[in-house]
Amino acid sequence: MRKTSESVKSGKEEVVKSICRMCHGVCGVIVHMRNGIVVKVTGDPESPLSNGFICSKGRASVEYLYHPDRLRHPLKRAGAKGENKWKQISWEEALDTIAQKLLDYKKDYGPESVALAVGTGRPYQAFALRFANAFGTPNVVSYAHICYLPRVVASIITCGQLPICDFYGFGGVHPRCVVVWGCNISETGAADGMCGNQLTLARRTGAKFIVIDPRRTKLASKADVWAQVRPGTDVALAMGMLHVIIHEKLYDKAFVEQYTEGFDRLVQHVKGYLPSKVAEITWVPAQIIRQMARLYAETKPACMLWGNGLDESINCFQTARALLILRAVTGNIDVPGGDVFWIPPKGVVQTSPFMDPSIILPEMVTPEASARKLSAGQSLMNFVLRHSTFWDAVLTGKPYSPKVLIIVGTNPLLTASDCLKGEQALKKLEFTVALDLFMTPTTQLADIVLPAATWLEQDDIADLHFIWCVAARQKVVEIEECWDDKKIFIELAKRIGLKDCFPWNDVREYCDFVLKDTGLDFEKFTKLGILKGEMQYRKYEANGFPTPSGKFEIASSILDSFGYDALPDYVEPPESPYSAPELAKEYPLIAITGCKVEPFFHTEYRQLKSQRKRHPDPLVEINPATAKELGIEDGDWVWVESPRARIRQRAKLSPDIHPRMVAIQHAWWFPEEEPPEYGWKRSSANLLLDHRPADPIWGSESWKGFLCKVYV
Numbered sequence: 001m002r003k004t005s006e007s008v009k010s011g012k013e014e015v016v017k018s019i020c021r022m023c024h025g026v027c028g029v030i031v032h033m034r035n036g037i038v039v040k041v042t043g044d045p046e047s048p049l050s051n052g053f054i055c056s057k058g059r060a061s062v063e064y065l066y067h068p069d070r071l072r073h074p075l076k077r078a079g080a081k082g083e084n085k086w087k088q089i090s091w092e093e094a095l096d097t098i099a100q101k102l103l104d105y106k107k108d109y110g111p112e113s114v115a116l117a118v119g120t121g122r123p124y125q126a127f128a129l130r131f132a133n134a135f136g137t138p139n140v141v142s143y144a145h146i147c148y149l150p151r152v153v154a155s156i157i158t159c160g161q162l163p164i165c166d167f168y169g170f171g172g173v174h175p176r177c178v179v180v181w182g183c184n185i186s187e188t189g190a191a192d193g194m195c196g197n198q199l200t201l202a203r204r205t206g207a208k209f210i211v212i213d214p215r216r217t218k219l220a221s222k223a224d225v226w227a228q229v230r231p232g233t234d235v236a237l238a239m240g241m242l243h244v245i246i247h248e249k250l251y252d253k254a255f256v257e258q259y260t261e262g263f264d265r266l267v268q269h270v271k272g273y274l275p276s277k278v279a280e281i282t283w284v285p286a287q288i289i290r291q292m293a294r295l296y297a298e299t300k301p302a303c304m305l306w307g308n309g310l311d312e313s314i315n316c317f318q319t320a321r322a323l324l325i326l327r328a329v330t331g332n333i334d335v336p337g338g339d340v341f342w343i344p345p346k347g348v349v350q351t352s353p354f355m356d357p358s359i360i361l362p363e364m365v366t367p368e369a370s371a372r373k374l375s376a377g378q379s380l381m382n383f384v385l386r387h388s389t390f391w392d393a394v395l396t397g398k399p400y401s402p403k404v405l406i407i408v409g410t411n412p413l414l415t416a417s418d419c420l421k422g423e424q425a426l427k428k429l430e431f432t433v434a435l436d437l438f439m440t441p442t443t444q445l446a447d448i449v450l451p452a453a454t455w456l457e458q459d460d461i462a463d464l465h466f467i468w469c470v471a472a473r474q475k476v477v478e479i480e481e482c483w484d485d486k487k488i489f490i491e492l493a494k495r496i497g498l499k500d501c502f503p504w505n506d507v508r509e510y511c512d513f514v515l516k517d518t519g520l521d522f523e524k525f526t527k528l529g530i531l532k533g534e535m536q537y538r539k540y541e542a543n544g545f546p547t548p549s550g551k552f553e554i555a556s557s558i559l560d561s562f563g564y565d566a567l568p569d570y571v572e573p574p575e576s577p578y579s580a581p582e583l584a585k586e587y588p589l590i591a592i593t594g595c596k597v598e599p600f601f602h603t604e605y606r607q608l609k610s611q612r613k614r615h616p617d618p619l620v621e622i623n624p625a626t627a628k629e630l631g632i633e634d635g636d637w638v639w640v641e642s643p644r645a646r647i648r649q650r651a652k653l654s655p656d657i658h659p660r661m662v663a664i665q666h667a668w669w670f671p672e673e674e675p676p677e678y679g680w681k682r683s684s685a686n687l688l689l690d691h692r693p694a695d696p697i698w699g700s701e702s703w704k705g706f707l708c709k710v711y712v
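Terminal number for the sequence shown in the UniProt record's numbering: 712, no gaps in between.
Structural data, given as structure tokens:
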């Protein structure tokens, strides 16, 4: 354990360096302890990842760790689902019960009768996927259709790997232009392993900023160019920028001619995306489109930070492809200060399935079981199982009826679409297990609830997916019977005959396995704190790109072979003023959901008094002119209604939102209210969503850009 001791007034203080995980970020932190108790968490100024930065979530880690409402022991349901009647049981009884249920259902109904549901990207995910595959079930319910993976897979089929902003200056150059598209990490969480401090550093080094966002975020207000794009039309905006870059010959001719495939087709394709036409589609003025395109193409090097705002539409996959093409034609791929393909540290087992699919044992699922995956045939990338598909199967029995669900680190009643149907499905399932830190509306419908651990209670190797290092997260304390998710899967695997697939006796042994080819064990690794890869730029010059053509595929041969458009094209959102004009008469406003705020991370941390003091209520942002027309004043509790449902949120009048749009905060529930519902149906934005229209390639749903109305 990497630690020091320093004198403080009340005695000795032990200081341990670690990595925060209160969000997707990997901020280096210092954990301050006294007499075995964590007393505070501060930013680590020596961390090359965060440079001493820490947000309010990181500072609230101590409150989270010791919160009186935390689950501390395994619980077994002692009444009907939703009655909030529980009996405390031992870990042995809990694991034995779960193991026997899994074996019985597998024997009677096949492995596919058991499903897992996983949440946001945290270290447990690879373990959960490995467990599912080892057990033989193809059914893992996730948010992959609307979060991150569309960009990852679009990158893989286009250029072989996910490009990441090179903010770190390893090549002696920092970005001179930064495009921030559908991403607000300056105020919320993290993207691609980076937090807002990287943008602050980029500004200090003189970078120009282009921000594309329906809202004028804090970063947008300081940007050199801000494009207030209509939700769901980002791909049209990107194609309009490409039109300008190609028409004005601002592209990197040498890179395009030598290292890309399909540029000639692109030249013809973008002729249909005149800035004047794109302006009509996107509501971004033509002069702004030209200004963005010129600034991005002419300011080298440039990088592009993209976010979850791009994933939640029926155009998501081709939007990601369009933004990749922008990077390529401007020559910003894998160059210092551009968008690079990081090289991970040598010898470290890549625990991200994106980097090394073998870590999750995909070969353990038989072809027969794979063919019975509930999402089979829904889209080209049908390995993504949406919640709505799973709910339907449970309730209708078609194509068959799942019986068991293991819920790991997710609260789908708040964060999935079709959540009222989800409530019915969770009540109908024959056996449900939930791993969590607190009781939630979702865990209230489980049969067994297992108490999970915070990041302060875990040994882990922070694998940053496509970034340049791995870092040590150190366990500093144990809270009663709370277990690391990895430990839970290791112990459960032993009981169902999967010891060979989980050969480690404990989590430390697993960490040693990840480091086995580095010459380090976990104890030695914690003394170093971080392992870095040796960066090489322009790797394509020697090796080409890992695509079928060996080049950056502007026109995708993979999409072409499956009958999809090889080049990005725009499709109007299914519920908009243009595609549904009659509906728009009753629901005249365009809604965006998923708007995150810094004190929280999706549904997490609303139990914490410090965070709720900073942000006590769910807010819907409305332009003051629109609010005046509707008789709404700042702070009013208002109804937000879509064609599917209505919810209550507090109005926040803001000129930063377009008069024809509203921005609805997501994932709201009220842990302080009575169980089992905790008021989740009152303000949850996901009640408003329509899950049916979906991206034909990826299966993403329109969570941004649907119609609504607001009234008192």
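Glycine included, every Cβ here is placed at the ideal spot set by N, Cα and C. These figures come from a predicted structure and were not determined experimentally.
The beta carbon of residue 596 sits closer than 6 Å to those of 188, all from its chain and outside the five residues before and after it, given in chain order.
Within the stretch 588-666, the beta strand (DSSP E) runs of at least 3 residues that lie entirely inside it are, in chain order, 589-595, 619-622, 637-641, 646-653 and 661-665.
In the structure shown, the three-state DSSP call for residue 531 is strand.
Rounded to whole angstroms, the separation of the alpha carbons of residue 372 and residue 27 is 41 Å. When only Cα atoms are considered, residue 55 and residue 177 end up about 25 Å apart. Relative to the Cα of residue 282, the nearest Cα in the group 212, 294 and 330 belongs to 212.
Counting only runs of 3+ residues, no beta strand (DSSP E) is found wholly inside the stretch 662-691. Counting only runs of 3 or more residues that sit fully inside the stretch 512-584, the beta strand (DSSP E) segments are 530-532, in chain order. Here the alpha carbons of residue 365 and residue 293 stand approximately 46 Å from one another. Using a 10 angstroms sphere on the CB of residue 220, the tally of other CB atoms reaches 16 or more, which defines it as buried.
If you keep only unbroken alpha helix (DSSP H) runs of at least 4 residues inside the stretch 264-297, you get 275-282. Secondary structure note for residue 58: its alpha helix (DSSP H) is the uninterrupted segment 56-59.
Rounded to whole angstroms, the separation of the alpha carbons of residue 267 and residue 561 is 21 Å.
With a beta-carbon spacing of about 29 Å, residue 591 and residue 438 fall beyond the 8 Å limit used to define contacts.
Taking the Cα of residue 254 as reference, the smallest distance to any Cα among 199, 328, 198 and 520 is reached at 328.
Between the stretch 579-586 and the stretch 615-623, the count of Cβ pairs shorter than 8 Å is below three; the stretches do not touch.
In the DSSP assignment, residue 88 falls within the beta strand (DSSP E) that extends over 86-88. Here residue 269 is near residue 567, since their CB atoms are less than 7 Å apart.
With 16 or more other Cβ atoms from the protein chains shown falling within 10 Å of its own Cβ, residue 309 counts as buried. Spanning the alpha carbons of residue 88 and residue 449 requires a straight line of approximately 10 Å. For the options 407, 91 and 463, the alpha carbon positioned closest to that of residue 473 is the one of 463. Between the stretch 313-322 and the stretch 231-240 there are three or more C-beta pairs closer than 8 Å, enough to call the two in contact. Contact check for residue 48 against residue 173 fails: the beta carbons are separated by 7 Å or more. Beta-carbon to beta-carbon, residue 506 and residue 487 are separated by about 7 Å, close enough to satisfy the 8 Å threshold.
Residue 455 sits in a helix when the DSSP states are folded into three classes.
The count of Cβ pairs closer than 8 Å, one atom from the stretch 137-155 and one from the stretch 688-706, reaches three, so the stretches are in contact.
The Cβ atoms of residue 663 and residue 657 sit closer than 7 Å to each other. Judged by DSSP in its simplified three-state form, residue 174 adopts coil rather than helix or strand.
Distance from the CA of residue 409 to the CA of residue 691, rounded to the nearest whole angstrom, comes to 22 Å.
Counting along the chain, the unbroken alpha helix (DSSP H) around residue 420 starts and ends at 419-428.
The shortest C-alpha to C-alpha distance from residue 442 to any of 401, 671 and 490 is the one to 671. Distance from the CA atom of residue 323 to the CA atom of residue 130, rounded to whole angstroms, is 32 Å. Nearest Cα to residue 107 within the set 136, 116, 418 and 433: 136.
In the assembly as shown, residue 629 is an exposed residue. Its beta-carbon has fewer than 16 other beta-carbons within 10 Å. Assignment of beta strand (DSSP E) within the stretch 17-105, counting only whole runs of 3 or more residues, yields 28-34, 37-43, 75-77 and 86-88 in chain order.
Closest option to residue 434, judged by alpha-carbon separation, among 519, 489, 588 and 349: 489.
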